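Chains as they are written, first to last, in my numbering: chain A, 246 to 442; chain B, 25 to 370; chain C, 15 to 135; chain D, 75 to 674. C-beta: ideal position from N, C-alpha, C; glycine also. Because the structure is a prediction, the values reported are computed rather than measured. Scroll down for the structure; my scribbles are underneath it.
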Ligand code: HEA
Ligand code: HEA
Ligand code: CUA
Ligand SMILES: [Cu+2]
């Protein structure tokens, strides 16, 4: 996380940093995690015995907005990484902050959506749609939340410093991998759940 | 025993003898087990014939691999075990041999696959036209059988005619159970929310029932969830359907008549149906219309006669852990009446 | 997976100006807008679904390749990640097709109100 | 916190207990795993003894139905998740760095955390007995039996929470091991020079990394079904119990290779060393291992032939399942090829390895038998399956682990286990094992279903059940002999020397037990069997330099604290939100401490 892990600094066989490698393998694992959740959602498509059904609830314009927000957060994230790598501390901090804010906005949209759906009668136990939708998007939201915490810790940690080393850049880089991954998962979810009628 | 000359021959003969004798003894034990009441190696229908045809191929091929590997393992252990002055040959592999060692297993696997595919196709094909339709529903922990054709609902004892295909529709009322009659049909699960199918044509009629047992773990009394299949002649089967479709016999003895009243008074009617008794329409328990003519009660774990019936009514969960039929705290006298009544329901 | 040693990644280098990243962001946005447009269009269902899936795959690849700069990393990382991704996709496809062609007359999918679980006689 | 630890000048201020609690040394953690795994093996074994005692005679009265069902469920869970996997992880921990010539794993503190989380998972699962509500739905917990309608007590919640926690531990350690093997190899140690044991570890790590997420999702869904009113696996609102089965076995089948591959790796190390010749067909064995790993993801529905899978899926899954026999056969033949032409030292480790070949083959071919769906119609859920699983699990996995114990004990402790008693113990285990599990084939053939707490006398099952029960008591003697052997050996002086077997791999190039930094000088690897190459080419061991300046990561208590946090979160999921919240706070504190702690 925030501070340096000197324990893993030494030379590696492949030249890839251990932590970066770890993150990529972890993301491979996450593919299976979200793959199973998405499978569940698709398998239960059309299996809801009672409403409300997706067509009754899903609000594409609204979610398109939040999708756009998340997409932009990827852009700000990559700029934060860029800042870190090019030793532009201000850029990095600003962009990290922007990413965090965008992430929070996305979460806000999600909270709004959940409450709205619950209001319209969709709960976890209502039907298959409710169960698989809330579980999938809820777990995605949890990932976004963890990401926000992760980035916030980086920001706090960087506030105590005014220079940036390679190490710090790597931390931002790795956090970025996680953040982008959560974003692409949303790309898939958005297409499969919202866009495909 | 050594790695060359006579020592080597002794090693080969010894290993061969050990593995040979072992295999023979195991074969005897297998043969012996194949001869037990619930044996899976006694095909008595087209379905199990199909299975058995594959099973034999698979079994003997597996046996061949077993014998070969055991033989080689023992032989190499004897031949190459440490000895003064011997030197281990240093080699890393042998590509030609490797190809062979992949090729032979591939052949074995194909030899198992071809008959398997054939039997899959046969046993999952649609049942022939004119098959007897039966609906089997799994309950914790008993089997319900319906014959839509005859309007029959019964439990735990399935009657089918020899020579006619029986098409069974499998459902479950609660958890997953499995329908398995080792000598008549390979198992297929009864899954809640799904409808499964299987069919088989019994070879010959016989008096003795085929034993069967639920084969998917389904809770406390999974071990006590058994059933029986009677393969009757065409004539006997038709008698059975007539008798079973009819209303329940009217109780004759005084005791039995009192039992009929008790049956209502004790609330049995809430769970059990007795055809012809308009009050008894319950569906939670087995249909008891002709319980008196069944050979067993409580899904095949007790023989059907007064004494076991008495035991059952006195405390079902004691006979069958977890039973969904509660202990109704019946008095000795009530039980006697009920037993007389139930045994009269021929 | 890791058949031989990989010392260094590809020759290409990640974007070196902010402009390039912003452009990528713009492309992603454009694709999203197109997708949105598609989902409201009256194209035949099959075509629309394939287009949508195709476009989101493109977005996926762009983010992974450029934002996560996988394209400019050691090829080992690509292989490791792709292994998980492809496996997940295969299992997803297998599961979905097993359920959508379920041979057991699953009750799910039957219009509401018809049959719930095994019939109660 | 202690200062950086070199070879010289350990600072011994802390108590021994504190040292073990805060250790980040992969060898110490390996020992922790080993002891924990073995303890759980005894617990699982005692459960098995109770099961067999109940089944010794028809209509047994030792256990009632409810307890029996808890026991066989917990027996399987304990053995698989808390005994074999940790014992496998124990050797991984201890020997990955030693085998590849590294000073430690890539993430030492994460490694410690994995252990504490695993222990938490084990405690959660096992503590269910204290409440009399152990899981009782079988180890694969088929819905809807495991839903709150049919299993209203807490048992299945212990199951979901315990397994998620244990799974988290395995995920973390697998990530760690994968990175270590990819990235921490000694100079010259290319992938194709890795010891086979490392290859199998590598495959296992990926199997876990890619299959655990699937079971985690399934467990979450089951937890939601039981606690939050969803119906993923019950027909209530359109859910489907078959989905659980698919998700479980998508994980479950790779999992069985997770259990067997480490033992296959051990056998591939022991046989060449004891035969005094290189492994036959290294490349083929490695490829076969990888092939098993990949194919293992495509066969899961062979556990579901009887669910009404349909015709085509039966074709597909039986073909893929049988195909797995081919790479596995390659391994078996190559082990035999390794023995061929050797000068085999008949040590106890060799006995266990040879036993492995014979017994695993028996289990493997019975596996191939039920790979045929029609045959499986007669096998599924019968004792034939129970015979299969114990031949592969006990005859395979456990035999391999015992081989490894005898082989590596001198490396880990500097002492050789007693060979005579070791061999006597082996014969008890070998005979006991066959007596217990071979008759189960006959029982299966005679139509005895599994998971039944009682059976009638007139079914022809009594003889073989009785024999099987005798067998397990012989097994108990064998295990006790082994424990006695370990106990006696540990009291003797360390006289084994660095390399008692004339080993080929790097762990034998350092002292026994190895120093904390493993190697004074990290060796250069020139061949697959580096030590033999050096021996044959008269390359001397590198000299120990006069001044060693090796910085090892200092001990840390944050893994333990984070582990406690996760334990609290788990306990909270079983009881009250307040405890979960406390757990989150503890975990968050630990993460910060972890991140800010200096690691030099
Ligand atoms: C260590 C664990 C382990 C291992 C390695 C295996 C290995 C195999 N298993 Fe097994 N299996 C289990 C553990 C394991 N299994 C468990 C725990 C269950 C039960 C779960 C439960 O229901 O509780 C189970 C259940 C199980 C089933 C489901 C049975 C049922 O419930 O209906 C099937 C069906 O196909 C199966 C098949 C196989 C096959 C084909 C292999 C193959 O990998 C075996 C390959 C090995 C060989 C074939 C031997 C060596 C090869 C040769 C000498 C070459 C020549 C031979 C041929 C070409 C045939 N296993
Ligand atoms: C790694 C896996 C593993 C191992 C090693 C074992 C080991 C054993 N198993 Fe188990 N078993 C399974 C995995 C395993 N099993 C699984 C997955 C199932 C399926 C469960 C299900 O259906 O859900 C199963 C099911 C199962 C059943 C079927 C239950 C049923 O279906 O009703 C039986 C029955 O005999 C059994 C017996 C045994 C026996 C006798 C041993 C013996 O080998 C045990 C030997 C060990 C010992 C004997 C320990 C020695 C103990 C001491 C020395 C104690 C003394 C010490 C002190 C007091 C400190 N097992
Ligand atoms: Cu019904 Cu087991
Ligand atoms: Cu399997």
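Item	Value
Quick check for students: name the residue ranges of the beta strand (DSSP E) that lie wholly in the stretch 159 to 239 of chain B, counting only runs of 3 or more.	166 to 171, 176 to 179, 181 to 185, 190 to 196, 201 to 205, 209 to 214, 220 to 224, 234 to 237
Does the distance from the C-beta atom of residue 270(D) to that of residue 332(D) stay below 9 angstroms?	no
Closer than 6 angstroms is what we want: which residues have a beta carbon that near any heavy atom of ligand 3? List them in chain order.	162(B), 165(B), 201(B), 238(B), 240(B), 241(B), 242(B), 246(B), 249(B)
Using a Cβ cut-off of 9 angstroms (strictly closer), state whether residue 353(A) contacts chain C.	no
I need the straight-line Cα distance from residue 294(A) to residue 319(A), nearest angstrom please.	38 angstroms
When you compare only the Cα positions, how much space is there between residue 492(D) and residue 559(D)?	6 angstroms
So residue 273(A) contacts chain C; which residues on that side make the cut at Cβ distance below 9 angstroms?	94, 95, 96, 97, 98, 99, 101, 102
Please check the pair residue 292(A) and residue 384(D), which I expect to be a contact at CB under 8 angstroms, by giving their CB distance rounded to whole angstroms.	In fact, because the Cβ distance is near 18 angstroms, the residues do not count as touching under 8 angstroms.
Can you tell me whether residue 41(B) is buried or exposed, with buried defined as 16 or more other CB within 10 angstroms of its CB?	exposed
Is residue 373(D) a contact residue of ligand 4, with contact defined as CB to any heavy atom under 8 angstroms?	yes
Where do the ends of the beta strand (DSSP E) carrying residue 256(B) lie?	250 to 256
Residues of chain C with CB closer than 8 angstroms to the CB of residue 309(A), please, in chain order.	46, 50
Against chain C, which members of the stretch 361 to 372 of chain D pass a CB distance test of less than 7 angstroms?	371
How would you write the range of the alpha helix (DSSP H) that residue 348(B) sits in, first residue to last?	Careful: residue 348(B) lies outside any alpha helix (DSSP H) and carries neither H nor E.
Tell me whether residue 213(D) counts as near ligand 4, meaning its Cβ is closer than 8 angstroms to at least one heavy atom of that ligand.	no
Closest to residue 343(B) by CA distance: which of 325(B), 352(B), 270(B), 356(B) is it?	325(B)
Could you round the C-beta distance between residue 323(A) and residue 417(A) to whole angstroms and report it? I think they count as a contact, below 8 angstroms.	Not a contact, Cβ separation roughly 10 angstroms.
Run the proximity test for residue 402(D): is its beta-carbon closer than 8 angstroms to any non-hydrogen atom belonging to ligand 1?	yes
Does the beta carbon of residue 29(C) come closer than 9 angstroms to any beta carbon on chain A?	yes
Can you confirm whether residue 115(C), when its beta carbon is compared against all beta carbons of chain A, has any partner nearer than 9 angstroms?	no
Can you give me the Cβ contacts of residue 128(D) inside the same chain, cut-off strictly under 7 angstroms, excluding the 5 residues immediately before and after it?	134, 136, 137, 142, 527
How far does the alpha helix (DSSP H) with residue 323(D) in it extend, from its first residue to its last?	315 to 349
Considering only residues of the same chain and omitting the five flanking positions on each side of residue 707(D), which have a CB-CB separation below 8 angstroms?	The first residue shown for chain D is 75 and the last is 674, placing residue 707(D) beyond what the model contains.
Mind checking whether the beta-carbon of residue 87(B) lies closer than 8 angstroms to any heavy atom of ligand 1?	no
So what does DSSP say about residue 587(D), is it helix, strand or coil?	coil
Taking only the alpha-carbon atoms, compute the straight-line gap between residue 16(B) and residue 240(B) and give it to the nearest angstrom.	What the structure shows of chain B is the stretch from 25 to 370, and residue 16(B) is not part of that stretch, so it cannot be assessed.
What number of angstroms, rounded off, separates the C-alpha of residue 159(B) from the C-alpha of residue 57(C)?	45 angstroms
Under 7 angstroms, CB to CB, which of the residues in the stretch 309 to 335 of chain D have a partner in chain E?	You won't find chain E in this structure, because its protein chains are A, B, C and D.
On the criterion of 16 or more Cβ atoms from any shown chain inside 10 Å, does residue 51(C) qualify as buried, or is it exposed?	exposed
I want to verify the contact list: residues of chain A whose CB lies under 9 angstroms from the CB of residue 284(D), in sequence order.	273, 274, 276, 277
Is any heavy atom in ligand 6 found nearer than 8 angstroms to the beta carbon of residue 147(D)?	Ligands present in the displayed structure are limited to ligand 1, ligand 2, ligand 3 and ligand 4, and ligand 6 is not among them.
Whose C-beta lies closer than 6 angstroms to the C-beta of residue 145(D) among residues of the same chain, with five residues either side of it excluded?	121, 124, 125
Cβ closer than 8 angstroms: which chain B residues qualify as neighbours of residue 440(D)?	86
Out of curiosity, what's the CA-to-CA distance linking residue 174(B) and residue 270(B)?	10 angstroms
For residue 195(B), count the other beta carbons within 10 Å of its own beta carbon; 16 or more makes it buried, fewer makes it exposed. Which is it?	buried
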